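One structure is given here, and the rest of the page talks about it.
Numbering (this note's numbering), first residue to last: 660 to 1439.
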């Protein structure tokens, strides 16, 4: 007699599909395939943006002024610093031609607006000098010819004609000869003449002249500035930076060290870091959360333990695909998006697998999404994008959980351990006395109040360069600061109908003198129109200003003067510093700038200016920033829950957990970032969730199973956030660790609030230990 094999049954959802009519099965298959294809296409279209604009307040006038300056004079430069072992070695006969060729190759790279380097500066000055000599020679011949023609028209004898011609030439030589002797003391203006090179760039002591510090910071170093074209996107920035590096590597320069740095280089490095870190951190979070749900013994049946993870991953993919379809670049927040969303969104499928009430779960999900969506009020795009992405992902996840939860809720069976604990009478619990409850409440509220009071005094770090702390590219920024004396650039831009006038030139010279006098130890002048036209003297006429500008190469004047003569700029360097000090420096600079001439306007622009503005914006209204998420979640709970007391408990728990977190940050001496500044919104999502779900346990008088599911959800969320701690970016590491700690504080606050809401006799407020579940607690 043959033994019968055990019957293998397909999963319930597959058996359900088999029972569907063939037409419906075909339609379902088409819809699923279409959704998968659309999601894949959206993910393929996804691109990142870690440009400085993603860290700066969008739509702010300071950013608009910066973008206008970039359109006129190019964006923040990529800086190539080459250092030699000997002074002036780069200007020798062997090195200088290679340097000139390198600058020419860099100028031909795609997405380059203009390149400024010492070899091209010398070459342009040599060409201008040669043109001047040719012009003077032609003018000298023209003067002689005119004198001769006038003498002949007066019918003078040949001897008198010759005398008239010689006299005119002598007068011309007397006027312009001394200028040529002073201007060209080293001989012919050519790069092959070492005397000319040394005379133009260096002073008598062998030090670079002040007007050339921006390309020759010291005798052993040269700097090449590659300004990208305006509105260059993230991919273009990375491509240009890579092309600059490869071009420099192939130039054949003999140097001690070559460094490619600048804000675009940091941006390119940050974009590359984000692209490889996002999937790595996401995969780590998935593994940790999956192990958590698979290992806990009280989630039954076992084959459904990873379902919460699956639904949250599907929701995450859907949100990222939506970003791709909308062609909206995801910023630095994408690194934190996947672990945060998977950690939180997986909770809702776990709740729906147990008899906790669909309405309650949906309302909690909407409240958490509202808390995340409050981040959209941030002035910084990368914070706003993170909040909107989390809100959308959470809504997607709850919707997917509802779709599959209907078929799985009947599989949830309490574990034997839970059954034993549920059989315990409520009288076996020993609630705190009234005095103990009051003391615990005072202690908890006091710590939270201390945190909320400390909020205005906490330091906020919002500088774009420091937000990228952890990148090796920041070490190159420090090299630039050591060599150039600074690494940030601000510009004083003059706008008007014609900035090439004696009055406008005098005003710019006054600005330069005032800033040097008051702030010279913190702001170093780089290049300006007054410095290039210094040879005209202190009070040139309009004709002299025009003629002097015509003598200068367009290559040089283009750095400080727009072609239509309606914009002129003066550049200054300043170093990395505490952002509060930088904001004060910007304020001092604005105060030192005199009013522009009538009919003109002036702006102080640059990334440091916009970063200081961003600091002011994110630091203002800190209480509103932290409380808006809590208030939004509370309003949703008050509207959605039938027991209003549960909503009030959730808001109280969120306020306590946020205050504890702020107190911890203050005690540890940490700084807030634009992400952790909205700690209230981030805490509200978990604190409200845990509190409302634990209120089910309190109301039912047993419900140990629900409490354990909440504990598993808290552990999964904390592990997902903790995955961010392995990031190479400091802001992401701190964000992950603080969020993981916040989950623990939210869990503790929820338990505390629910426990303190019980009556002294152990009964939950508003019902008896055996109270029948409220209508909203019954699954639909």
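For every residue, glycine included, the Cβ atom is placed at its ideal position computed from N, Cα and C.
The structure presented is a predicted model; accordingly, all values stated were derived computationally and were not measured.
| Check | Outcome |
| --- | --- |
| Let me know the secondary structure DSSP gives residue 1200 once reduced to three states. | coil |
| Going by C-alpha to C-alpha distance, which of 890, 1331, 1058 sits closest to residue 1118? | 1331 |
| Classify residue 1409 as buried or exposed, calling it buried when 16 or more other Cβ atoms lie within 10 Å of its own Cβ. | buried |
| Taking its Cβ as the centre, do 16 or more other Cβ atoms sit within 10 Å of residue 953, making it buried, or is it exposed? | exposed |
| With 16 as the cutoff for other CB atoms within 10 Å, does residue 1078 come out buried or exposed? | With a pLDDT of 34 at residue 1078, under the threshold of 50, the predicted position of this residue should be treated as unreliable, though the coordinate-derived value follows. Residue 1078 is exposed by the Cβ-count criterion. |
| Using the three-state DSSP reduction, which class does residue 1154 fall into: helix, strand or coil? | strand |
| Just grab the DSSP bridge partners of residue 1227 for me. | 1153, 1220 |
| What did DSSP end up calling residue 1257 once you bin it into helix, strand or coil? | coil |
| Just reading off the alpha helix (DSSP H) that residue 880 is part of, what are its end residues? | Segment 880-887 is the beta strand (DSSP E) holding residue 880; no alpha helix (DSSP H) there. |
| Helix or strand or just coil, what does DSSP make of residue 1233? | strand |
| On the DSSP bridge list, what partners appear for residue 867? | 861 |
| For the alpha helix (DSSP H) that contains residue 1302, what are its first and last residues? | Neither: residue 1302 is in no alpha helix (DSSP H) and is coded neither H nor E. |
| Pick out whichever of 721, 728, 735, 1141 has its Cα sitting closest to the Cα of residue 1225. | 728 |
| Is the beta carbon of residue 1342 sitting closer than 9 Å to the one on residue 1313? | yes |
| For a minimum of 4 consecutive residues, which ranges assigned as the alpha helix (DSSP H) are wholly contained in the segment 1325-1410? | 1338-1359, 1363-1381 |
| Is it right to say residue 1302 is buried, meaning 16 or more other beta carbons lie within 10 angstroms of its own, or is it exposed? | buried |
| Can you give the Cα-Cα distance for residue 1082 and residue 1010, rounded to whole angstroms? | Per-residue confidence for residue 1082 stands at a pLDDT of 36, beneath the threshold of 50, marking its modelled position as unreliable; the derived number appears in the next sentence. Their backbone Cα atoms lie some 22 Å apart in a straight line. |
| Does DSSP put residue 1002 in a helix, in a strand, or in coil? | helix |
| On the three-state DSSP scale, how would you describe residue 752? | coil |
| Pull the bridge partners of residue 1147 from the DSSP assignment, please. | 1233 |
| Return the chain-ordered list of same chain residues with a C-beta closer than 7 Å to the C-beta of residue 1109, the five sequence neighbours on each side being excluded. | 1322 |
| Tell me the DSSP secondary structure of residue 808 in three-state form. | helix |
| Could you check if residue 932 is buried or exposed, using at least 16 other CB atoms within 10 Å of its CB as the buried criterion? | buried |
| Would DSSP call residue 716 helix, strand or coil? | coil |
| List the endpoints of the continuous beta strand (DSSP E) containing residue 742. | 737-742 |
| What are the boundary residues of the alpha helix (DSSP H) that includes residue 907? | 893-908 |
| Just list the residues that DSSP pairs residue 771 with in beta bridges. | 887 |
| Let me confirm a value: residue 923 is counted as buried when at least 16 other C-beta atoms fall within 10 Å, else exposed. Which label applies? | buried |
| Ordered along the chain, which non-local residues of its own chain (more than five positions away) have a Cβ less than 8 Å from that of residue 1294? | 1029 |
| Excluding the 5 residues flanking residue 1038 on each side, which residues of the same chain have their C-beta closer than 6 Å to its C-beta? | 716, 1276 |
| From the DSSP output, in three-state form, read off residue 1023 for me. | helix |
| Assign residue 808 to buried or exposed, taking buried as 16 or more other Cβ atoms, counted over all protein chains shown, within 10 Å of its Cβ. | exposed |
| Which term fits residue 744, buried or exposed, when burial requires 16 or more other beta carbons within 10 angstroms of its beta carbon? | exposed |
| Quick check on the DSSP output: the alpha helix (DSSP H) that includes residue 970 runs from which residue to which? | 966-984 |
| Run through the DSSP bridge pairs and tell me what residue 919 is partnered with. | 739 |
| Which same chain residues, not among the five before or five after residue 1252, have their C-beta less than 6 Å away from its C-beta? | 1170 |
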